[in-house]
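Q:
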Amino acid sequence: ITSEGFNLLFRALRDSPIKGLHACHCGLDSIKIDDAYVPNNLLSLFLFGNNIKADGCRGLAKLLQRENATLEQLHLGHNKIDDEGISILANALQTNTSLKKMNVYNNEQITMEGMKLLLKLVNDISSIKATLQS
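Using our numbering, the letters of the sequence shown map in sequence onto residues 6 to 139.
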């Protein structure tokens with residue numbers, strides 16, 4: 006599957022009852038999210054083992070920033086995400102109240118600076134309060 010194929014599949018799932026999508030080791034590098042065609046019931050997205058970089062994180066950020074976001078799990082291990090990608094995801098997660106689990110393991114370009122961004126997000130009390138009140 007190519008990035009274009011994934012984007013078409015993602016659009017087709019808009020009104021589907023499918024709750025999980027696994028697109029692992031597919032060579033994905035770019036993810037385009039069209040706000041009008043986001044899967045309404047998607048709870049988990051497994052994208053490990055691809056070539057996702059900061060540009061792909063921008064697409065995922067759109068998914069995480071939606072007002073009615075449903076995604077609870079996002080698995081991004083073994084990609085090519087760097088500190089810029091982590092910064093994009095961390096900024097998107099500041100207002101997200103649905104995500105419960107995110108994996109970014111084995112993204113070797115993430116430095117201690119990127120990890121600090123995630124730790125700051127996890128330890129931010131306002132994020133926790135927003136989740137509890139949702």
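Built from N, CA and C at the ideal position, the CB exists for glycine as well.
Note that this is a predicted model, so its numbers are computed, not measured.
Please return the same chain residues whose Cβ sits closer than 6 angstroms to the Cβ of lysine 67, not counting the five positions on each side in sequence.
A: Closer than 6 angstroms at the Cβ level, and outside the excluded window around lysine 67, lie Ile38.
Q: What are the residues that DSSP puts in a beta bridge with leucine 50?
A: Leucine 50 pairs with Leu26 and Leu79.
Q: Can you tell me which of the three DSSP states lysine 111 falls into?
A: It should be noted that the sequence gives asparagine, not lysine, for residue 111. Coil at asparagine 111, not helix or strand.
Q: At what residues does the alpha helix (DSSP H) containing aspartate 60 begin and finish?
A: Counting along the chain, the alpha helix (DSSP H) containing aspartate 60 begins and ends at 59–69.
Q: Within the continuous alpha helix (DSSP H) that includes alanine 97, where are the two ends?
A: Taken as a continuous stretch (DSSP letters only), the alpha helix (DSSP H) holding alanine 97 covers 88–98.
Q: Enumerate in chain order the residues of its own chain whose CB-to-CB distance from serine 92 is below 8 angstroms, with the five nearest sequence positions on each side excluded.
A: Same-chain partners within the cutoff: Gly119 and Leu122.
Q: Between Asn108, Ser35 and Arg19, which lies nearest to lysine 58 when the distance is taken from Cα to Cα?
A: For lysine 58, the nearest C-alpha among the options comes from Ser35.
Q: Out of curiosity, what's the CA-to-CA distance linking threonine 100 and threonine 75?
A: Roughly 13 angstroms separates the two Cα atoms.
Q: Here's the rule I'm using: 16 or more other beta-carbon atoms within 10 Å means buried, otherwise exposed. How should serine 8 be labelled?
A: Serine 8 should be labelled buried.
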